[in-house]
Amino acid sequence: MMSAHNENESEWSIFVNNLTSEIEENVLWELFGPFGALKSIKVIRDHQTNKCRGFGFVTMINYDEAVVAIKALDGYTLGNRVLQVSFAVNKNNPKDKARLVIVSQRKSFT
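Everything in the sequence shown is counted per full-length UniProt numbering, starting at 1 for the first residue and increasing by one.
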């Protein structure tokens, strides 16, 4: 899958899943900040309770820094939750379609 990338600016959207309902944006700023320049953080909240719905988005300016952050934080335990961190996928963009990639060290399949 391709990542959500704004072609007009240099920014990369990261999807952060399995957040606690009490998470605040400042926690994600502190968590992702050491990996590079952040543009924005958005915790997705329930409109009635204002509690986190379990996921959010971090926008980083540099691709390489975003890759390092994803590799370091995917599987990271925050509180009592194991985070799932990956590039966000823009579901409205026809370019962002699932693709099957087969990687094997074997030279033949029999």
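Heads up, the beta-carbon is just placed ideally off N, CA and C, and yes, glycines get one too.
Judged by beta-carbon spacing, residue 57 lies within the 8 angstroms limit of residue 88, meaning their Cβ atoms are closer than that value. The Cβ atoms of residue 69 and residue 14 sit closer than 8 angstroms to each other.
In this structure, residue 55 places its C-beta atom within 8 angstroms of the C-beta atom of residue 44.
Of the other Cβ atoms in all chains shown, fewer than 16 fall within 10 Å of the Cβ of residue 22; this residue is therefore exposed. The Cβ atoms of residue 91 and residue 59 do not sit closer than 8 angstroms to each other.
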